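Chemist:
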Amino acid sequence: MRALARMSAIVAVLGVTSGVVGGLLVILLHAVQHLAFGYSEGLFLYGSEQAPAWRRLVCLMLAGLIAGVGWWAVYRWFKPLVSIGSALGREDTEGRRMPFWPTVVHGLLQIVTVALGSPLGREVAPREISAAIADRVTEWLGVLGHPRRVLIASAAGAGLAAVYGVPLGGAVFTLEVLLVSFAWSAVIPALACSAIAAGVAAAIVPDDLQYTVGHTPVTTSVWFWAVVFGPLCGLAAWAFRWFTRRCAASAPRDWQLIPRAFAAFTTVGIISMVLPQILGNGKAAAQVGFDHTVGFWMLLALLAARVVAVGLALLGGGQGGLLTPAIANGSLLGALVGTLWSGLNPGAIVTTYALIGAAAFLAAAQRMPATAILLVFELTRMDAAMLGPAMVAAAGSAAIERALANRVRH
């Protein structure tokens, strides 16, 4: 009983700290966005569209300068960064310690650059900072082995839950992606930590709704479309995963990072002068797909521009997540193919196809099908009836992506 009480207390503390971290990072993100793009209220999509074209370019140039100088300084003068995977012992049995301050600076750079328009995701920062805190806490308390891995992973998943308000998605991310285990010894801490973090963050940043979608009726046509679309989405997700990994691997870490980052982000800024919806972590672009307020060619242009922008940011040495960029790509791809499908099926609601596309693309591109379904469900609060078609498409997409990856590897 004493061991259980001790573990419960640690989980509660880590849940609260992860929630505070997530809430504060969201406040910082919004503050920088409002200041940089000159709007006082409303969604970032509105702010970026209303900002003058020159202001968008200047914001991205500033983001490139901060990214280049900031990450060059981190690589040059701080202790080497340690990924969450390394801390969990994926590369070595005991796991490596995450340096606290370098991890915090690394996370803050991600949040600031995303707020200034970087097309990468903001979700890695709260995960890494929360995991670094858990690493310090477990070291201080002498927690070792499997319990340490579970606590660090639970804190990381709780960071995701806090920043997006997705307690169930954060917990399943912990189990499916970080621990690759659904053992009871992991399930209970993961659920508790994510739930506490999401609640604390909601108290700090109330009503931070991520996406808005309308009613999406599910018909036989939707089920059939999900079966057909899944493999197509898997092919696109495999290409995106291959492309982004190559771009990230080509990024410099020496002094060349400064001019490369500035040039890359400036190019993204030039594109945003015409297509402001590509800016930010992908939330704005995803909402365009969910709203279906633009036509086929605009959807195609936004999808292509988002992929190019993400590639440029990674090539320039920018850091950030690919979770929300994957949701954006899936939403735009789903809306794109759904627009064609609606021509054969008058009366179809394209938002339905965008939602399915977001879940299916995320499932394959990030290799987390269960987490993808729950994340899209919680982020959009879509109708429960959508879960079935989304699961079918996600399964088909993930299967094709894995088959293609194995074929290329061998």
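Using my numbering, you'd call the opening residue of the sequence shown number -9 and step up by one each time. Yeah, the Cβ is synthetic: ideal placement off N, Cα and C, and Gly gets one too. This structure is a prediction, so every number in the text was calculated from the model and none was measured.
I'd like the span of the alpha helix (DSSP H) that includes Leu293, first residue to last.
Modeler: Element bounds for Leu293: Phe286 to Leu305.
Chemist: Excluding the 5 residues preceding and the 5 following Trp215 in the sequence, name in chain order all residues of the same chain whose CB lies nearer than 7 Å to its CB.
Modeler: Closer than 7 Å at Cβ, skipping near neighbours: Trp331 and Tyr343.
Chemist: Does the Cβ-Cβ distance between Arg112 and Asn271 come in under 8 Å?
Modeler: Yes, the pair counts as a contact, with Cβ atoms nearer than the cut-off.
Chemist: Quick one: give me the first and last residue of the alpha helix (DSSP H) that Ala43 is part of.
Modeler: From DSSP, the alpha helix (DSSP H) with Ala43 extends over Ala43 to Trp67.
Chemist: Could you name the residues of the same chain whose beta carbon sits closer than 6 Å to that of Gly9, not counting the 5 residues immediately before and after it, in chain order?
Modeler: Once the five neighbours on either side are set aside, the close Cβ partners of Gly9 are Ala152, Ala187, Val190 and Ala191.
Chemist: Quick check on the DSSP output: the alpha helix (DSSP H) that includes Gly204 runs from which residue to which?
Modeler: That residue, Gly204, is in no alpha helix (DSSP H); it is neither H nor E in DSSP.
Chemist: Take the Cβ of Arg139 as the centre, count every other Cβ of all protein chains shown within 10 Å, and call the residue buried at 16 or more, exposed below.
Modeler: By the neighbour-count rule (16 or more Cβ atoms within 10 Å), Arg139 is buried.
Chemist: When the Cα atoms are used, what is the spatial distance from Ala374 to Ser144?
Modeler: Going from the Cα of Ala374 to the Cα of Ser144 covers about 27 Å.
Chemist: Looking at C-beta atoms only, is the number of pairs between the segment 153 to 160 and the segment 119 to 130 that lie closer than 8 Å three or more?
Modeler: Not touching, per the Cβ criterion.
Chemist: Over the uninterrupted alpha helix (DSSP H) stretch that includes Tyr36, give me the two end residues.
Modeler: Phe34 to Gln40 is the span of the alpha helix (DSSP H), which, as asked, contains Tyr36.
Chemist: By how many angstroms is the C-alpha of Leu305 removed from the C-alpha of Trp62?
Modeler: Cα to Cα, Trp62 sits roughly 14 Å from Leu305.
Chemist: Is Ala77 closer than 8 Å to Asp125 when the C-beta atoms are compared?
Modeler: In contact: Asp125 and Ala77 (Cβ atoms closer than 8 Å).
Chemist: Since I believe Leu352 is in contact with Leu313 (beta carbons under 8 Å), could you give me their beta-carbon distance rounded to a whole number of angstroms?
Modeler: With 8 Å as the limit, Leu313 and Leu352 qualify as a contact, their Cβ atoms being about 7 Å apart.
Chemist: Whole angstroms are fine: how far does the CA of Gly308 sit from the CA of Ala239?
Modeler: Between Ala239 and Gly308, the C-alpha separation is close to 12 Å.
Chemist: Quick check on the burial criterion: 16 or more other C-beta atoms within 10 angstroms. Buried or exposed for Leu(-6)?
Modeler: Exposed.
Chemist: Identify whether Gly418 lies in helix, strand or coil by the three-state DSSP scheme.
Modeler: Lying outside -9 to 400, the shown extent of the chain, residue 418 is not represented and no answer is given.
Chemist: Excluding sequence positions up to five away, which residues of its chain have a Cβ less than 7 Å from the Cβ of Gly12?
Modeler: So the qualifying residues of the chain are Pro116, Gly149, Ala152, Val153, Ala187 and Ala191.
Chemist: Closer than 6 Å by C-beta to Glu391: which residues in its own chain qualify, once you throw out the five before and the five after it? Chain order, please.
Modeler: Contacts found: Gly224, Ala227, Trp228 and Ala354.
Chemist: Take Leu322 and list the residues in its own chain whose beta-carbon comes closer than 8 Å to its own, dropping the five residues that flank it on each side.
Modeler: Correct list, in chain order: Ala275, Ala276, Val278, Gly279, Leu289, Leu292, Leu293, Arg296, Ala344 and Gly347.
Chemist: For the alpha helix (DSSP H) holding Trp130, just list the boundary residues, first then last.
Modeler: It spans Val114 to Leu131 - the alpha helix (DSSP H) in which Trp130 sits, taken as one unbroken run.
Chemist: For the candidate residues Val48, Val72 and Leu99, whose alpha-carbon lies nearest to that of Leu15?
Modeler: With distances taken between Cα atoms, Leu15 lies closest to Leu99.
Chemist: For the segment 253 to 262 and the segment 42 to 55, state whether three or more C-beta atom pairs, one from each stretch, are separated by less than 8 Å.
Modeler: Touching, yes.
Chemist: Do Ala384 and Ala338 have their beta-carbon atoms positioned less than 8 Å apart in this structure?
Modeler: Cβ distance not < 8 Å, so Ala338 and Ala384 don't count as in contact.
Chemist: With DSSP run on the structure shown, which of helix, strand or coil describes Arg397?
Modeler: In this structure, Arg397 counts as helix in the three-state DSSP scheme.
Chemist: Thinking C-alpha only, which one of Phe230, Leu47, Ile74 and Thr341 is nearest Ala395?
Modeler: The residue with the shortest Cα to Cα distance from Ala395 is Phe230.
Chemist: List the residues that DSSP assigns as beta-bridge partners of Gly311.
Modeler: The partner list for Gly311 (beta bridge, DSSP) reads Gly111.
Chemist: Could you tell me the distance, in whole angstroms, from the CA atom of Tyr201 to the CA atom of Trp245?
Modeler: Straight-line Cα distance between these residues: approximately 39 Å.
Chemist: Ignore the nearest five residues each way along the sequence and tell me which others in Ala(-1)'s own chain have a CB closer than 7 Å to its CB.
Modeler: So no residue of the chain qualifies.
Chemist: Between Gly28 and Ile248, is the Cβ-Cβ spacing less than 8 Å?
Modeler: In this structure, Ile248 does not lie closer than 8 Å to Gly28 by Cβ.
Chemist: Helix, strand or coil for Glu391 per DSSP?
Modeler: The answer is helix: DSSP assigns Glu391 an H, G or I state.
Chemist: Would you report the Cα separation of Thr103 and Ser38, rounded to the nearest angstrom?
Modeler: Taking the straight line from one Cα to the other gives about 14 Å.
Chemist: Locate the alpha helix (DSSP H) running through Arg231, then write down its first and last residues.
Modeler: It spans Thr210 to Ala239 - the alpha helix (DSSP H) in which Arg231 sits, taken as one unbroken run.
Chemist: Among the candidates Gly333, Phe286 and Thr234, whose CA atom is the shortest distance from the CA of Gly310?
Modeler: Among Gly333, Phe286 and Thr234, the Cα nearest to that of Gly310 is on Thr234.
Chemist: On the three-state DSSP scale, how would you describe Phe172?
Modeler: Residue state, collapsed to three classes: coil.
Chemist: Answer with buried or exposed for Arg(-8), where buried requires no fewer than 16 other C-beta atoms within 10 angstroms of its C-beta.
Modeler: Under this definition Arg(-8) is an exposed residue.
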